[in-house]
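2 protein chains.
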Amino acid sequence: MAGDLNAMVDIVRNINSIQVFMVCHELGNVTRAAQELNVSQSSVSYHIKKLEDDLSVTLFRRTASGLQPTEQGSLLAQHVGRGLAAIRTGLDRIAQGPGAVRVALLPMFASRWLSSRLGQLFEAHPEMNLSIQNHNNSFVRMSNPERFADLGIQWGRGNWDSFHVTRLWPETLALVCSPDYLQAHPIRQPTDLLRCTLLHVDDTRMWEEWLAASGLALDGAQPQMMLEDRHFQLSSTINGLGVSLFASWLVQDELENGTLVNPFGSVFATSFAYHVVVPKGVEPSVSIQRFHRWICDQSSGWAH
Amino acid sequence: MAGDLNAMVDIVRNINSIQVFMVCHELGNVTRAAQELNVSQSSVSYHIKKLEDDLSVTLFRRTASGLQPTEQGSLLAQHVGRGLAAIRTGLDRIAQGPGAVRVALLPMFASRWLSSRLGQLFEAHPEMNLSIQNHNNSFVRMSNPERFADLGIQWGRGNWDSFHVTRLWPETLALVCSPDYLQAHPIRQPTDLLRCTLLHVDDTRMWEEWLAASGLALDGAQPQMMLEDRHFQLSSTINGLGVSLFASWLVQDELENGTLVNPFGSVFATSFAYHVVVPKGVEPSVSIQRFHRWICDQSSGWAH
DNA sequence: TGACAGTATCGAATATTTCGATGATACGAT
DNA sequence: ATCGTATCATCGAAATATTCGATACTGTCA
Chain H
703 MAGDLNAMVD IVRNINSIQV FMVCHELGNV TRAAQELNVS QSSVSYHIKK
753 LEDDLSVTLF RRTASGLQPT EQGSLLAQHV GRGLAAIRTG LDRIAQGPGA
803 VRVALLPMFA SRWLSSRLGQ LFEAHPEMNL SIQNHNNSFV RMSNPERFAD
853 LGIQWGRGNW DSFHVTRLWP ETLALVCSPD YLQAHPIRQP TDLLRCTLLH
903 VDDTRMWEEW LAASGLALDG AQPQMMLEDR HFQLSSTING LGVSLFASWL
953 VQDELENGTL VNPFGSVFAT SFAYHVVVPK GVEPSVSIQR FHRWICDQSS
1003 GWAH
Chain R
703 MAGDLNAMVD IVRNINSIQV FMVCHELGNV TRAAQELNVS QSSVSYHIKK
753 LEDDLSVTLF RRTASGLQPT EQGSLLAQHV GRGLAAIRTG LDRIAQGPGA
803 VRVALLPMFA SRWLSSRLGQ LFEAHPEMNL SIQNHNNSFV RMSNPERFAD
853 LGIQWGRGNW DSFHVTRLWP ETLALVCSPD YLQAHPIRQP TDLLRCTLLH
903 VDDTRMWEEW LAASGLALDG AQPQMMLEDR HFQLSSTING LGVSLFASWL
953 VQDELENGTL VNPFGSVFAT SFAYHVVVPK GVEPSVSIQR FHRWICDQSS
1003 GWAH
């Protein structure tokens, strides 16, 4: 690399002051930064002054109501923010111990698919140190997903640009409700749904897709209910709160033992599916790669 | 951001020890790291121990010949390396003062195109604080281009994935040599070139493209000479060392006053051109955007 | 103007880092 | 086997950097 700077063997001076600066930039206020950091106001002031002196750059304009970042200050904060985030990510990852794999899981997927296969996983990879983090389908929308987990299972359409995405299998959806609910709200054709309470989590995109396939659309009058997570949605459906769309394999047991019924008796193709997602820009460790491979192998060999 | 960690208001502890760790990881040796850092060996040892204790992670395996990073150690170094690089980039950028624009320029482009337009630039943007960095067409191949400059001019085909690329104008190439050289090596048709010394900088891709257009190819027997930079190539060509390919507008003066001649009397279309390149992932400041816009405007209005 | 909410500065107290010397351990050559 | 050498670890003392609490200073608002 002609003309390149050898970056690794010179240290960033004042990096602690830079961190104090970051907190000030965040809060716009020396005093509050000091409270946040559990140190005295004079200490924070000292760091800011030191940093400005050392860099010969004015980072803040002092006002009567606190600190106003200069253009330079904001520029620095931007870069340092990214930098510290990367460092924190590294610390988070090694804190887990070697062979660690942190998986962000959907509770429903964890209990109905993964849990019965975990024994097999540990047989095949005894060194693997798995740590399960629950999330409510929000993994791909976190601002720092790599701090939360190394990879995740996410339900959706798979169009998440900042992740490496692997679709697990094509899904079909079953429309289900409790037998009692069906008796009270006869469902013979799609339009009957417009009089039912549509249960969902997160958003109504699945319902919209399903209705659109029958030439229908959601309107404001449609009764609906957003629930906390899929487990809660399942029990609510069983308890007769309304109708739900579920991946058909998920509710197979309930349909067989009669706690849920499928009014149409058939399932529907959908553009939604479970995906393995890995945050881009973070090189996965060997263990993470192994887990990724394992879950993909499992899923491709699974006839659901 | 449900479940997200608020990243900005907690500081990274031990970050100085982490930097010492980085140097050790780089050099694989406490003693040499200490020399590099101009501190005692015991001080470096102290930091490594402190870091390992605080993180409860073994970062190095100690051997008789130095330090062997553990898997965890390498993982940490990877992330921290990226993080510190971002921080250094930030510091580099604000060190220039507000309105700073660091341009990585090709010397030939600087002297024959930009220099005559600089007055105009400062008239239009008096606050702009321009700093010119020379490079030999290596900007896009630097490992940390954003530390070197905010944007650059690069000659080539424009296929540089980690940069935002704007092609300035379509180029034509003139094949030129000195009148004396032409007399000694008559050039009437493309095959005559195979007996000439082909001068170039960097690599032979331009010659390959030019020869391919005539159904010819470079072979090992072909005399050629790689020169340091284009200025040197120009004077070498004038001094009769061989034939060169230049963007035709660059050698217009020399062709007019007879210090160079164009044996074929015509110019050739090429896939090469000058480009403005901006490293991706770094938000350009207002001044940088202004300079970018200015140079693009200039170039589109330029009939060369 | 005075109250207030903010930052800056000072000397003293405290915490952290560094030093130099020494110890401990592994490796390779004799 | 033993010595010489290179390595990292540990120790107490010294040097340096940070923090504290008190106080000074500054601009805003009523």
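For the protein sequence lines, the chains are H and R, in the order given.
Counting in the working numbering, the first sequence runs from 703 upward without gaps.
Counting in the working numbering, the second sequence runs from 703 upward without gaps.
Built from N, CA and C at the ideal position, the CB exists for glycine as well.
None of these values were measured; they are calculated from a predicted model.
Length of the line joining the Cα atoms of residue i and residue j
{"i": "residue 783(R)", "j": "residue 902(R)", "result": "36 Å"}
{"i": "residue 984(H)", "j": "residue 846(H)", "result": "11 Å"}
{"i": "residue 723(H)", "j": "residue 729(H)", "result": "10 Å"}
{"i": "residue 699(R)", "j": "residue 933(R)", "result": "Limits of chain R in this structure are 703 at one end and 1006 at the other, which puts residue 699(R) out of reach."}
{"i": "residue 741(H)", "j": "residue 726(H)", "result": "13 Å"}
{"i": "residue 891(H)", "j": "residue 809(H)", "result": "32 Å"}
{"i": "residue 719(H)", "j": "residue 756(H)", "result": "10 Å"}
{"i": "residue 796(H)", "j": "residue 743(H)", "result": "33 Å"}
{"i": "residue 747(H)", "j": "residue 736(H)", "result": "9 Å"}
{"i": "residue 798(R)", "j": "residue 789(H)", "result": "25 Å"}
{"i": "residue 948(H)", "j": "residue 907(H)", "result": "13 Å"}
{"i": "residue 998(H)", "j": "residue 915(H)", "result": "30 Å"}
{"i": "residue 716(R)", "j": "residue 750(H)", "result": "19 Å"}
{"i": "residue 738(H)", "j": "residue 827(R)", "result": "42 Å"}
{"i": "residue 820(R)", "j": "residue 927(R)", "result": "34 Å"}
{"i": "residue 882(R)", "j": "residue 923(R)", "result": "23 Å"}
{"i": "residue 816(R)", "j": "residue 858(R)", "result": "18 Å"}
{"i": "residue 771(H)", "j": "residue 763(H)", "result": "6 Å"}
Chain R residues whose Cβ lies nearer than 9 Å to that of residue i
{"i": "residue 935(H)", "result": "Those do not exist, as residue 935(H) stays about 17 Å from chain R at its closest Cβ, beyond 9 Å."}
{"i": "residue 757(H)", "result": "793, 796 and 797"}
Distance between beta carbons of residue j and residue i, contact taken as under 8 Å
{"i": "residue 656(H)", "j": "residue 935(H)", "result": "Outside the shown range of chain H, which is 703 to 1006, sits residue 656(H), and nothing can be said about it."}
{"i": "residue 833(H)", "j": "residue 777(R)", "result": "At roughly 16 Å, the Cβ-Cβ gap does not stay under 8 Å, so residue 833(H) and residue 777(R) are not in contact."}
{"i": "residue 714(R)", "j": "residue 786(H)", "result": "6 Å"}
{"i": "residue 865(R)", "j": "residue 965(R)", "result": "About 36 Å; that fails the 8 Å criterion."}
{"i": "residue 873(R)", "j": "residue 972(R)", "result": "6 Å"}
{"i": "residue 769(H)", "j": "residue 731(H)", "result": "6 Å"}
{"i": "residue 879(H)", "j": "residue 967(H)", "result": "At roughly 13 Å, the Cβ-Cβ gap does not stay under 8 Å, so residue 879(H) and residue 967(H) are not in contact."}
Same chain only: Cβ atoms within 8 Å of residue i, ignoring 5 sequence neighbours per side
{"i": "residue 871(R)", "result": "975, 976, 1001, 1002, 1004 and 1006"}
{"i": "residue 830(H)", "result": "801, 803, 823, 824, 989, 992 and 993"}
{"i": "residue 929(H)", "result": "901, 902, 903, 935 and 938"}
{"i": "residue 791(R)", "result": "846, 848, 849 and 984"}
{"i": "residue 940(H)", "result": "880, 956, 961 and 962"}
{"i": "residue 919(H)", "result": "910 and 913"}
{"i": "residue 969(R)", "result": "874, 875, 876 and 950"}
Under 9 Å from the C-beta of residue i: neighbouring residues of chain H
{"i": "residue 987(R)", "result": "773 and 777"}
{"i": "residue 713(R)", "result": "718, 721, 722, 724, 725, 739 and 786"}
{"i": "residue 795(R)", "result": "774, 777, 778 and 781"}
{"i": "residue 834(R)", "result": "Going along chain H, no residue has its Cβ under 9 Å from residue 834(R), so there is no contact; the nearest lies around 13 Å."}
Chain-ordered neighbours of residue i on chain R, where CB pairs are closer than 8 Å
{"i": "residue 780(H)", "result": "792 and 985"}
{"i": "residue 800(H)", "result": "772, 773 and 774"}
{"i": "residue 842(H)", "result": "Residues of chain R passing the Cβ test: none, with the nearest at roughly 11 Å."}
{"i": "residue 789(H)", "result": "714, 717, 720, 781, 782, 785 and 786"}
Exposed unless 16 or more other CB atoms sit within 10 angstroms - verdict on residue i
{"i": "residue 753(R)", "result": "buried"}
{"i": "residue 888(R)", "result": "exposed"}
{"i": "residue 958(R)", "result": "exposed"}
{"i": "residue 960(R)", "result": "exposed"}
{"i": "residue 721(H)", "result": "buried"}
{"i": "residue 765(H)", "result": "exposed"}
{"i": "residue 1047(H)", "result": "Outside the displayed span of chain H (703 to 1006) sits residue 1047(H), for which this structure offers no information."}
{"i": "residue 995(H)", "result": "exposed"}
{"i": "residue 953(H)", "result": "buried"}
{"i": "residue 913(R)", "result": "buried"}
{"i": "residue 877(H)", "result": "buried"}
{"i": "residue 711(R)", "result": "exposed"}
{"i": "residue 851(R)", "result": "buried"}
Chain R contact residues for residue i, given Cβ-Cβ distances below 7 Å
{"i": "residue 919(H)", "result": "Under the 7 Å cutoff, chain R gives no residues; its nearest Cβ is about 28 Å from residue 919(H)."}
{"i": "residue 900(H)", "result": "Residues of chain R passing the Cβ test: none, with the nearest at roughly 22 Å."}
{"i": "residue 940(H)", "result": "What residue 940(H) touches in chain R: nothing, since even the nearest Cβ is about 26 Å away."}
Sequence-distant residues of the same chain with beta carbon closer than 7 Å to residue i, five excluded per side
{"i": "residue 856(H)", "result": "839, 841, 842, 977 and 979"}
{"i": "residue 931(R)", "result": "809, 838 and 903"}
Beta-carbon contacts of residue i that lie in its chain and below 6 Å, excluding the five residues immediately before and after
{"i": "residue 925(H)", "result": "899"}
{"i": "residue 854(H)", "result": "806, 841 and 979"}
{"i": "residue 860(H)", "result": "867, 869 and 977"}
{"i": "residue 814(H)", "result": "952"}
{"i": "residue 759(R)", "result": "774"}
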